[in-house]
Structures are given as C-alpha cells and as structure tokens.
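K.L.:
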Amino acid sequence: NTIPLTEEKKLDKITVLSMGPLFAETIKRIHKGESVGEIFHGQLY
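For the sequence shown, the working numbering gives the first residue as 163, with consecutive numbering after it.
#1: Check whether the Cβ of Lys190 sits closer than 7 Å to any heavy atom of the ligand SAH, and report yes or no.
#2: Could you tell me the boundaries of the alpha helix (DSSP H) in which Glu187 lies?
#3: Answer yes or no: do Thr188 and Ile201 have a C-beta to C-beta separation smaller than 8 Å?
#4: Give the straight-line distance between the Cα atoms of Ile192 and His203, rounded to the nearest whole angstrom.
Below is the structure:
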C-alpha cells in the first residue's frame with residue numbers, strides 16, 4: 163500500500179494489502195533469532 167493508485171488505475175480484481183504487519187513480524191523474529199520460515203507457510207496470515 164506504499165504506492166498510491168489513482169482511481170482510474172484501480173481494478174476490482176486487485177486488492178491492495180498492507181505489508182506492514184508482515185514486515186514487523188519478520189523483523190521481530192530476526193531480532194529474536196526465531197524462525198522466519200513459518201510466516202511464509204501460512205502460520206501467521
């Protein structure tokens with residue numbers, strides 16, 4: 163959601179998602195020395 167889309171470029175079939183929570187969880191896990199792989203196997207989203 164960091165690249166703004168004008169109304170004429172928005173499509174009904176595309177949903178803009180915030181990646182902030184995913185990035186935050188990834189950074190937290192790296193900092194704590196925990197597994198990042200779980201995030202990408204559907205464990206947290």
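Ideal Cβ positions, reconstructed from N, Cα and C, are used throughout, including at glycine.
P.N.:
This is what the structure gives:
#1: As far as ligands go, the structure on display features none, and thus does not contain the ligand SAH.
#2: Mapped onto the sequence shown, residue 187 falls at position 25. Residues Gly182 to Lys194.
#3: Taking the first residue of the sequence shown as 1, we reach residue 188 at position 26. Taking the first residue of the sequence shown as 1, we reach residue 201 at position 39. The answer is yes: Cβ separation under 8 Å.
#4: Position 30 of the sequence shown holds residue 192. Position 41 of the sequence shown holds residue 203. For Ile192 and His203, the distance between alpha carbons rounds to 16 Å.
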